[in-house]
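Quick mapping for you: the protein sequence lines, in order, are chains A and B. Counted the way my numbering counts, the first sequence spans residues 1338 to 1619. Counted the way my numbering counts, the second sequence spans residues 68 to 407. C-beta: ideal position from N, C-alpha, C; glycine also. Below: the structure, in structure tokens.
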Amino acid sequence: MVSYIIILSFSLNFILYISGRVSLTFAGIYLVGAYVTVSLSTFLLGKTFSFFAFLGILLFVSLLGAAIAIGVYGGFERYLKTDVHRMIATSSLLMAFSGAIKLIWGTTPVTYSAPFLKMGTTEVLGNFVLNYYFFMFGFALVLMLALAFFLYRTSWGLRFRASSLDGDRTMAQAYGVNQNIVTIITFAISGMLASLAGGLYAPIAGASYGIEGNALLLAALTIIIGGVGSIGGAVLTAFIIGIARVVTAVEMPVLELAIPFIIASATLMVRPFGLWGKEFKH
Amino acid sequence: MNREVSMAIPSRGGNTTLIATLLLTAIAVIIPFFISGYQRTLIQKCLIWTPATFGVYFLYSLLRQVHFGQSIFIGIGSYITAFSAGKYAITNELMILLPAALVISIVVAYILGIFITKRTGFYFAVMGIAVTMVFWSLVYKARGITGGSDGISHIKNPSLFTIPLNDLALYYFCLLVSVGMIVLMLRILNSSFSLQLRAIAGDLEKAESIGIPVNRMQRLAFTIAGVNAGVTGVLLAFSYNYVSPSTFEWGYGANFVQSAIIGGVNSVAGPIVGAFGFIHLEFFISTWFADLWEIIIGLTIAIIVLTVGEEGVTGIAQAVLGKIKCKLRNQQESTNKHVK
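Now the structure itself:
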């Protein structure tokens, strides 16, 4: 749960932070990621399971997500002028995405739970924990570390940060950073993250019609709680939300989805820009 | 940050607005005698949608905020009606239910407004979606009370002052209520309150420094939008005799934003045109290509936003009218010159 929230929320966070653009299509890409992973795995692997084949499928899905994100950005989102327009247009686009998914796969949920069941268990502190959870968590951690390395230790990362909300877009452009390329790569990475989140979570929860609302809710609330543009903040917030949700799911199932919202409301009252966030004007 | 706020002061209830309102009301009054019952229910649905769309329009045109959470209050209104007139059979009296829904919408909207209006722009919109999803999950999971995914059916027909209303009478009641709401909203749009909201949308800090209580104003605006949707909810539940948790899905709330965008947000006729346009679009698409409905509406709205922005149908109409007027005037001037 935690790792899924980390990847998903950072997909939205990354776009907001680097390009200062609002985009809700990431939830549509998440949907595509989940459905394609399930169908492809069932088609190629059936009931069997091989670790590297699954990794390959995930790689393919992430590339697909990046391709969709670039397509949507290049063909559509770059022409939108203001944040309000972007919000309405991308939410409509998200609706179209979910309609297309419904058209292709129908409304009955599809599942592929082989990796979830076949990867075995490990004993931790007397409890048996499925290996798949470790795999997911490791995957998310590696992904986040790679992103952090890219952003803070490479020259391209410097260019990204210069054009982000922390820096100054116009100034970066004046110094010769191609803003077009930066934004396109930002969208590609975001699409990759969103589809990976879908693909990784699909074996656990299956892919069903209407999960995009859930994804939207979790990603947005994580940003509200954690603040924009901090990888550490996103990870910690994902822990908070994940643990709070699991605890309430056991104790009071009715409040399961309400608890992230309650945390977010409390955060807004105390620190309107998020626990680890800075004030950005965009 | 978006600073492109139209600072045009709305006309102070000019004669044209009055005449247009009266004319449209007159048409709506006589039209049930010329059309079939099914078409009447379609128009009734349009009339019911208008207040909720007005709520979205209100927040968009004055505060420049996108309000995806309109479905919360529709759901609240609907479920109050369903509990009272359906499940627990307390009362089906409109004169009790409408005020009750109003009061509960005000309370809920005010409490939610404290959190939601804390931040603007993207966060406002996303909090709207989040709240809808939270309500959806609550209603979905509290199966014992709300019926879960089955919803509540068998809502009795409403009565007004203990006189039971048939379908035609309900149509006229909906017409009365939505015209009343429209007149009320026009009054609010022409008040100094709306000017203060425009000031807030223009520059929040400046507005605060000239003494406008920014937070309170935003909360108030959010509450007004919510109340509109609460009224819509009660009437919707009565005209379908059925409520389901899908009222709380985020896509349903987005439909109202889409109607407002179709109509255009720079003219008071926008929400009315938008509600009628959206419902009829929905009707035609779902009769011809039922499966493609979401794709078509989503792409349509995206293209509308891309090409004409928030001007919508009324904006285009205004632009075309303006051009025609300009051309006519030019022609007249040129002919005058010719005569001289």
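{"Check": "Neighbouring residues, chain A, relative to Arg283 of chain B (Cβ below 8 Å)", "Outcome": "Near Arg283 of chain B there are no residues of chain A at all, since even the closest Cβ is about 16 Å away, more than 8 Å."}
{"Check": "Contact set between Lys185 of chain B and chain A, taken where Cβ atoms lie within less than 7 Å", "Outcome": "Leu1605 and Pro1609"}
{"Check": "Check whether Thr1523 of chain A and Ile1352 of chain A have beta carbons under 9 Å apart", "Outcome": "yes"}
{"Check": "Closest residue to Leu130 of chain B among B:Gly300, B:Ala386, B:Asp270 and B:Glu349 (Cα-Cα distance)", "Outcome": "B:Asp270"}
{"Check": "Best match in A:Gly1370, A:Ala1552, A:Tyr1416 and A:Gly1504 for proximity to Ala1403 of chain A [C-alpha to C-alpha]", "Outcome": "A:Gly1370"}
{"Check": "Proximity test, Cβ basis, 9 Å: Val380 of chain B and chain A", "Outcome": "no"}
{"Check": "Test: Ala274 of chain B CB closer than 9 Å to a CB of chain A", "Outcome": "no"}
{"Check": "Terminal residues of the beta strand (DSSP E) in which Leu1467 of chain A lies", "Outcome": "Asn1464 to Leu1467"}
{"Check": "Contacts around Tyr319 of chain B, its chain only, beta-carbon distance under 7 Å, and the 5 residues preceding and following it disregarded", "Outcome": "Ser138 and Ser313"}
{"Check": "Under 9 Å from the C-beta of Leu373 of chain B: neighbouring residues of chain A", "Outcome": "Phe1413, Tyr1416, Leu1417, His1422 and Ala1426"}
{"Check": "Ala1544 of chain A - DSSP class collapsed to helix/strand/coil", "Outcome": "strand"}
{"Check": "Interface residues of chain B facing Ala1437 of chain A [CB-CB closer than 7 Å]", "Outcome": "Ile362"}
{"Check": "First through last residue of the beta strand (DSSP E) which encompasses Thr1458 of chain A", "Outcome": "Thr1458 to Val1461"}
{"Check": "CB contact below 9 Å: Glu1588 of chain A versus chain E", "Outcome": "Absent from the structure is chain E; the protein chains it does hold are A and B."}
{"Check": "Glu378 of chain B to Thr1559 of chain A span [Cα, whole Å]", "Outcome": "33 Å"}
{"Check": "Test: His1619 of chain A CB closer than 9 Å to a CB of chain B", "Outcome": "Here the model assigns His1619 of chain A a pLDDT of 46, short of 50, so the residue's position is not dependable, and the following value carries that caveat. Yes, contact with chain B."}
{"Check": "Short CB-CB distance (under 9 Å) between Ser216 of chain B and chain A", "Outcome": "no"}
{"Check": "Sequence-distant residues of its chain with Cβ nearer than 6 Å to Met1473 of chain A (five each side left out)", "Outcome": "Ser1340 and Leu1537"}
{"Check": "Three-state secondary structure assigned by DSSP to Glu1414 of chain A", "Outcome": "helix"}
{"Check": "Host alpha helix (DSSP H) of Trp360 of chain B (start-end)", "Outcome": "Trp360 to Val375"}
{"Check": "Euclidean distance between Cα positions of Leu1605 of chain A and Ala236 of chain B", "Outcome": "46 Å"}
{"Check": "N-terminal and C-terminal residue of the alpha helix (DSSP H) that Ile110 of chain B is part of", "Outcome": "Gly104 to Phe125"}
{"Check": "Same chain only: Cβ atoms within 8 Å of Ile157 of chain B, ignoring 5 sequence neighbours per side", "Outcome": "Phe150 and Ser151"}
{"Check": "Proximal residues to Ile1405 of chain A (C-beta, below 7 Å), its chain only, five neighbours per side dropped", "Outcome": "Ile1366, Val1369 and Gly1528"}
{"Check": "Nearest neighbour of Met284 of chain B, chosen from B:Thr381, B:Lys185, B:Ile339 and B:Leu264 [CA to CA]", "Outcome": "B:Leu264"}
{"Check": "Test: Asn69 of chain B CB closer than 9 Å to a CB of chain A", "Outcome": "Because the pLDDT of Asn69 of chain B is 40, which lies under 50, any placement of that residue in the model is unreliable, and the question is left without a value."}
{"Check": "Contact with chain A by Leu205 of chain B, beta-carbon distance below 9 Å", "Outcome": "yes"}
{"Check": "Identity of the residues DSSP links to Ile230 of chain B by a beta bridge", "Outcome": "B:Leu227"}
{"Check": "Candidates A:Phe1391, A:Thr1448 and A:Val1519: closest to Ile1407 of chain A by CA position", "Outcome": "A:Val1519"}
{"Check": "Inter-residue spacing [alpha-carbon to alpha-carbon] between Tyr239 of chain B and Phe191 of chain B", "Outcome": "36 Å"}
{"Check": "Test: Phe1389 of chain A CB closer than 9 Å to a CB of chain B", "Outcome": "no"}
{"Check": "Cβ pair Leu1345 of chain A, Leu1555 of chain A closer than 9 Å", "Outcome": "yes"}
{"Check": "Pair within 9 Å by beta-carbon distance, Ser1360 of chain A and Gln325 of chain B", "Outcome": "no"}
{"Check": "Arg254 of chain B versus Val281 of chain B - alpha carbon distance", "Outcome": "21 Å"}
{"Check": "Meets three-Cβ-pair contact criterion under 8 Å: the region 398 to 405 of chain B and the region 346 to 362 of chain B", "Outcome": "no"}
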